[in-house]
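Here the structure is laid out as structure tokens; the discussion comes afterwards.
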Amino acid sequence: MSMQRSTRFSMGFQLFFISGCVIALFLGLFSGPVQAVDSRIFADGRQPIQLAAGRMHSAMILQDSSLYLWGDNTYGQLGQDGADYLDKPHRIDLPAKSVAVSLGSDHTLILTEDGSVYAMGRNTFGQLGNGSTLPSSRPVKIEGLPPVQAIAAGSWHSLALCQDGSVWGWGDNSTYQLGDVQGEAITDAAGNTIGYRHTKPVKIILNGATGVAAGAQFSLYLRHDGQLFAWGDNSRGQLGDGTVQTRSRPTAVVGLSGVRQVSAGYQHVMSIIVENDHEALYVWGDHSAGQLGLIDIPAGDSIQALPRRIDVTGDTDPANDRVAMISAGYAHSVAIVSVLTIKGLVDDSRQRVLVWGDNGYGQLGLGHTMSKSVPQAIRSSYNGYSGDDYLPFTAVAAGGFHLLLMSSKGLLATCGRGDRGQLGTLSVINRHVLSSVRIPDLIRPGWLESASLSVTRNDTGLIELRFPAAQDNIGVAGYKVMLHWSDGSAYVADIGIRQHWVLDDLSMLAGKENLAVQAGLYVYDTAGSQLDWQSLSRLVGFLAPPDDPEATAEMYFSDLKSQVNLIAADQHQWRPTATGLLQPLEVPWDVRPIYGADALPDPPSYQLLKSLGAAAIILYLSALVVLMRSRLHAKRKQHSKEAHLPVMVRRL
118 MSMQRSTRFS
128 MGFQLFFISG
138 CVIALFLGLF
148 SGPVQAVDSR
158 IFADGRQPIQ
168 LAAGRMHSAM
178 ILQDSSLYLW
188 GDNTYGQLGQ
198 DGADYLDKPH
208 RIDLPAKSVA
218 VSLGSDHTLI
228 LTEDGSVYAM
238 GRNTFGQLGN
248 GSTLPSSRPV
258 KIEGLPPVQA
268 IAAGSWHSLA
278 LCQDGSVWGW
288 GDNSTYQLGD
298 VQGEAITDAA
308 GNTIGYRHTK
318 PVKIILNGAT
328 GVAAGAQFSL
338 YLRHDGQLFA
348 WGDNSRGQLG
358 DGTVQTRSRP
368 TAVVGLSGVR
378 QVSAGYQHVM
388 SIIVENDHEA
398 LYVWGDHSAG
408 QLGLIDIPAG
418 DSIQALPRRI
428 DVTGDTDPAN
438 DRVAMISAGY
448 AHSVAIVSVL
458 TIKGLVDDSR
468 QRVLVWGDNG
478 YGQLGLGHTM
488 SKSVPQAIRS
498 SYNGYSGDDY
508 LPFTAVAAGG
518 FHLLLMSSKG
528 LLATCGRGDR
538 GQLGTLSVIN
548 RHVLSSVRIP
558 DLIRPGWLES
568 ASLSVTRNDT
578 GLIELRFPAA
588 QDNIGVAGYK
598 VMLHWSDGSA
608 YVADIGIRQH
618 WVLDDLSMLA
628 GKENLAVQAG
638 LYVYDTAGSQ
648 LDWQSLSRLV
658 GFLAPPDDPE
668 ATAEMYFSDL
678 KSQVNLIAAD
688 QHQWRPTATG
698 LLQPLEVPWD
708 VRPIYGADAL
718 PDPPSYQLLK
728 SLGAAAIILY
738 LSALVVLMRS
748 RLHAKRKQHS
758 KEAHLPVMVR
768 RL
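For the sequence shown, the working numbering assigns the number 118 to the initial residue and increments by one for each residue that follows.
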């Protein structure tokens, strides 16, 4: 009997275990689909797209060097007269192309490709660098600087890194953020000194600098050997020297080397450090709102006066850290990191957006206004899909109380405080989740590298073109065809959306039956429909004369058209994919305003999984019934045996 009970229990347990495994598998599959992404999403060329966020205004430089500003314009920091604020991006033109932009509390700095710096906005502390303290709603060129390669705007001061390695500054110097020569005293109505300023640029670092950053009232520069220096206000440990002592001269940040990127917030700093071939994130300074992301130090009146590494991957292996971008806002922080696969491998083709710190206006994009002292991944959910990993991002910027994020597909979204139009969403309301912003679409359609154009003559002598569908970051609008015959004649047509086209204009073909033909196929999107031919991606093909089938294009045409599968590919990260379909969760915001609801991927069908789940539950319940019956049967049998024993035996 014991063997039978054990066997029944073993069989019941096995059935129970198998059922549980089936249910676990079902739940695991139901939690979300796994997506395969084209790993060629990154471009090898420069990445000119930039975002910048000030206290209540925002800026953007696109890949054609066009500069856009929006938000608060109280002091003319948007370069506009008469407008109190602008709630959508507005383009501003300068004498040369813009290559960098940095925003302070109420002023704007712009660097142009000729090495000049322009400023506009509030000028109480001389932060415009033009020798006065009057605001300007027009860009003023800052004189007296050598050619500049980088700029940084603090709350009321400005920094410039020149091409000779020197660092210059101007504006507020009340806490020595411009160095130990305080400059002009600022007095109140009673004649009391309340601060100091430099209204024109002064040299701070003689040479050897390769980078600059500016916090509220402190400054940083990166030396050519990877050592970081800081000076100015240190009341919250933001200089990273282990003290809270204000420094009038650059002081080395303790324990850091191999610095690759620095971002300074109001009173905290984030830095990406290269350690053993991986990118680690270090933080220091104010932690009162949890903006350092330190798990073991509660937010409140707390500081971290020395740099500390924080874990952004969720595991304990530092080698898995892959921090691509960082940005420090007033009291919140954001980091863009590569995704770790289920096998623990780094997948650079997908990225997460981690946010932490103050969230009083929803600037973390988490859908609520609760602050977070530990990094949180922004999750997205729409059309039946949910997740926290996306296509790579091009740029990110944290401002006073808002956040800007640019996707590699050329899509912009914002969240947080919006009362001065700083979100650019055509409104002045706060947004607790990332919301799409309408910006110019400069990415043009293109083809996979393997795409080609087929040019043939059909049985009736008509010229046929066959080609694969092109792709666009938003949507293809149509195709244009240009045909050249070896006699010098040409034919141009807009053929709409198709992958097969036949030239059936017999009058055009008359007398050209034996000529060579060079064909060009051009693709355009809505924004590029009026561009010239050379600004569009193109496939080219050649049709040899019937009596010379082995001929090449070089034999008949001196002006050969080159094939360009993706125009300006070195200026953006977007690439066509193998499927050409919109992928679920490409960005952490609703893309229906951009693509339209019909373009979204179909909701995932879980019917098969639901059926499997139902079967698993039935199997699980059946196993429980079998197990319970087996135990009940064994118990009854035991009672029956005891009932037949003699009375004395039962008493014993």
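Here a beta-carbon is modelled for each residue, glycine too, at the ideal position from N, C-alpha and C.
1. What does a CB cutoff of less than 7 Å around R583 pick up in its chain, not counting 5 residues either side in sequence?
2. Comparing alpha-carbon positions, which option in E703, V284, G592 lies nearest D558?
3. Might you give, ordered along the chain, the residues of its own chain that have their beta carbon closer than 6 Å to the beta carbon of R426, omitting 5 neighbours on each side?
4. Applying the criterion that 16 or more other CB atoms from any shown protein chain within 10 Å of the CB defines a buried residue, is L144 buried or exposed?
5. So which of I227, K526, G359, N190 has the shortest CA-CA distance to N590?
6. Is the stretch 708 to 718 touching the stretch 676 to 690, taking contact as three or more C-beta pairs under 8 Å?
7. Is M266 helix, strand or coil by DSSP?
8. Alpha carbons only, please: which of S498, P212, Q197, Q408 is nearest the one belonging to A477?
9. Judging by CA-CA distance, which residue of L457, A213, W602, Q384 is the nearest neighbour of Q421?
10. Do you know how far the Cα of L528 is from the Cα of E778?
11. Inspect the CB distances between the stretch 435 to 446 and the stretch 372 to 391 and report whether three or more fall short of 8 Å.
12. Between V550 and W706, how many whole angstroms is the CB-CB distance? I'm expecting something under 8 Å.
13. Kindly indicate which three-state DSSP category I390 falls into: helix, strand or coil?
14. Here's a check: name, in chain order, each residue in its chain whose Cβ is nearer than 6 Å to the Cβ of L749, leaving out the five neighbours to either side.
15. I need the straight-line Cα distance from V472 to G410, nearest angstrom please.
16. Which residues in the same chain as G578 place their Cβ atom closer than 8 Å to its Cβ, once the five residues preceding and following it in sequence are excluded?
17. To the nearest angstrom, how far is it from the Cα of L203 to the Cα of A176?
18. What's the C-alpha gap between R353 and G332?
19. Would you mind reading off the limits of the beta strand (DSSP E) that contains R548?
20. Would you call the CB atoms of Q688 and P509 closer than 9 Å?
21. Tell whether a beta-carbon distance below 9 Å holds between M523 and A452.
22. Label Q355 either buried or exposed according to how many other C-beta atoms from any shown protein chain fall within 10 Å of its C-beta, with 16 as the threshold for buried.
23. If you compare alpha carbons, which of L483, Y507, G325 is closest to L702?
24. If we ignore side chains and look at the alpha-carbon of each, how far apart do L725 and Y502 end up?
25. Only counting runs of 3 or more residues, tell me where the beta strand (DSSP E) segments fall wholly within the stretch 483 to 546, in order along the chain.
26. So what's L144 in DSSP terms, helix, strand or just coil?
27. Count the other CB atoms, across all protein chains shown, that sit within 10 Å of the CB of L540; report buried if there are 16 or more and exposed otherwise.
28. At what residues does the beta strand (DSSP E) containing S450 begin and finish?
29. So, does the stretch 321 to 330 touch the stretch 301 to 309, judging by three or more C-beta pairs under 8 Å?
30. From T511 to N247, what distance separates their C-alpha atoms?
31. Given a cut-off of 9 Å on the beta-carbon distance, is the pair V334 and S374 in contact?
32. Report all residues from its chain with a CB closer than 8 Å to the CB of V454; omit the five preceding and five following residues, and keep chain order.
33. State the beta-bridge partners of D642 as determined by DSSP.
34. Once DSSP output is grouped into helix, strand and coil, what is the label at M636?
Inspection of the coordinates gives the following:
1. S571, Q616, H617
2. G592
3. A397, Y399
4. Low confidence applies to L144: its pLDDT is 31, below 50, so where it sits in the model is not reliable, and the reading given next is rough at best. So L144 counts as exposed.
5. K526
6. Counting Cβ pairs under 8 Å, fewer than three are found: no touch.
7. According to the sequence as given, residue 266 is Gln; it is not Met. Here Q266 sits in strand by DSSP.
8. Note on identity: in this sequence residue 477 is Gly, with Ala being the wrong assignment. Checking every option, the nearest Cα to that of G477 belongs to Q408.
9. Q384
10. The requested residue 778 is not part of the displayed model; the chain covers only 118 to 769.
11. yes
12. 7 Å
13. strand
14. none
15. 9 Å
16. Excluding sequence neighbours, G578 sits near L626, E630.
17. 12 Å
18. Rounded to whole angstroms, R353 to G332 spans 12 Å at the Cα level.
19. If you look at R548, you'll find it in the beta strand (DSSP E) that goes 548 to 554.
20. no
21. no
22. buried
23. Y507
24. The pLDDT assigned to L725 is 48, lower than 50, so where the model puts this residue is not dependable; a value taken from the coordinates is nonetheless given after this. Rounded to the nearest angstrom, the two C-alpha atoms are 17 Å apart.
25. 489 to 494, 497 to 499, 502 to 504, 510 to 515, 519 to 524, 529 to 533
26. Confidence in L144 is poor, its pLDDT being 31 and thus under 50, which makes the residue's placement too unreliable to answer from.
27. buried
28. 449 to 457
29. no
30. 33 Å
31. Before going further, note that residue 334 is Gln rather than Val in the sequence given. Taking 9 Å as the Cβ cut-off, Q334 and S374 do not qualify as a contacting pair.
32. V429, T430, D438, R439, V440, A441, Q468, R469, L471
33. V593
34. The question names Met, yet the displayed sequence has Ala at residue 636. A636: strand per DSSP, three-state reduction.
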